[in-house]
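A short write-up of the structure that comes next.
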Amino acid sequence: MEEEPVIEDPVIEEPPLPDLAASDPVALEALTGMVGAEPVNQYVAQEAVISRFVATVDALSGRQVPAVIQAVQGPGGEFQATADEQPEAVILDEVGDPVPQYVLDPVNYRRYTPYVEMVEDIEPGDAVAVYRRNQPLFDQAFAQLGYPDGDFEQRLRAIIDELLATPDVSEPVRLIKPEAFYLFADEDLESLSAGQKVLLRMGPENAARIKAKLAEIRAAL
0 MEEEPVIEDP
10 VIEEPPLPDL
20 AASDPVALEA
30 LTGMVGAEPV
40 NQYVAQEAVI
50 SRFVATVDAL
60 SGRQVPAVIQ
70 AVQGPGGEFQ
80 ATADEQPEAV
90 ILDEVGDPVP
100 QYVLDPVNYR
110 RYTPYVEMVE
120 DIEPGDAVAV
130 YRRNQPLFDQ
140 AFAQLGYPDG
150 DFEQRLRAII
160 DELLATPDVS
170 EPVRLIKPEA
180 FYLFADEDLE
190 SLSAGQKVLL
200 RMGPENAARI
210 KAKLAEIRAA
220 L
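Residue numbers for the sequence shown follow numbering that gives the first Met the number 0, beginning at 0 and rising by one.
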């Protein structure tokens, strides 16, 4: 009696990865599959997608994220602050003059709503699968920033952990404006990283939603 032939499932091979310089169509298609075409077209940089993402993540632990490397456009509208009529203390500048004090206007929080919604649409398992499939490209982009080992995942984990450690701040959030830009009046808050201060500026509810999604992604890595 002849044995029945074993029928094996066909092996589906992944297409070869493109060069990093030619990876934008692949990256944008993957993003569109996760969050939809509208937010990708409206908020995501359309060129050097992977390189910008890697550079943005890397810069989040610094003092600022330069506009030239940002993976997404900044929020629309103008930053809103109102004069602090009851400051907790007088703050003096370098020559001893009082520094104008303000309160962060909660209307600013709505500027971040589209970004929060876009992040919440990401399914962590899908995001990690896309990352794993394209990991050599992420590592290559990371190496181009001056990290010879090219281990982007270690950096990504560290940045997520730092963002998750962002302190919760009760309102009102007090600001000063010694020159052209607003700063947090609390020196401890002002000393936080660029990424942590973005979470503070988007408001406690938005920050909590972003942190919840980051925790899910961190667990899936």
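Each residue gets a CB set at the ideal place from its N, CA and C atoms; glycine is no exception. Note that the structure is a prediction, hence the values are computed from the model and not measured.
- Within the segment 37–108, the runs of alpha helix (DSSP H) at least 4 residues long that lie entirely inside it are, in chain order, 48–58.
- In the DSSP assignment, leucine 174 falls within the unbroken beta strand (DSSP E) covering 173–175.
- Per the coordinates, the alpha-carbon of glutamine 153 lies some 45 Å from the alpha-carbon of glycine 95.
- Note: leucine 182 is bridge-paired with Ile175 in the DSSP secondary-structure output.
- Looking at the backbone, the Cα of glutamate 37 and that of alanine 29 are separated by about 13 Å.
- Using a Cβ distance threshold of 9 Å, serine 60 and glutamine 143 do not count as a contacting pair.
- Taken through DSSP and simplified to helix, strand or coil, methionine 201 comes out as coil.
- If you compare the alpha carbons of Gly149, Ala128, Ala70 and Tyr114 with that of glycine 202, the shortest gap goes to Tyr114.
- The residue from Val118, Phe78, Val48 and Pro86 with its alpha-carbon nearest to that of alanine 206 is Val118.
- Nearest neighbour of alanine 164 by Cα position, chosen from Ala179, Leu191, Tyr181 and Asp120, turns out to be Leu191.
- Of Pro99, Ala219, Pro74 and Gly75, the smallest CA-CA separation from proline 86 is found for Pro99.
- Shown here, glutamate 122 sits in coil according to DSSP, grouped into three states, outside any helix or strand.
- Of Phe78, Gly32, Glu46 and Ile175, the smallest CA-CA separation from proline 97 is found for Ile175.
- By the C-beta density criterion, serine 22 is buried, having at least 16 other C-beta atoms within 10 angstroms.
- Looking from the CA of arginine 217, the closest CA among Pro177, Val172, Pro171 and Ile158 belongs to Ile158.
- Counted as a single uninterrupted DSSP element, the alpha helix (DSSP H) harbouring leucine 162 occupies residues 151–163.
- For valine 172 against leucine 199, the beta-carbon gap comes to about 7 Å, under 8 Å, which counts as contact.
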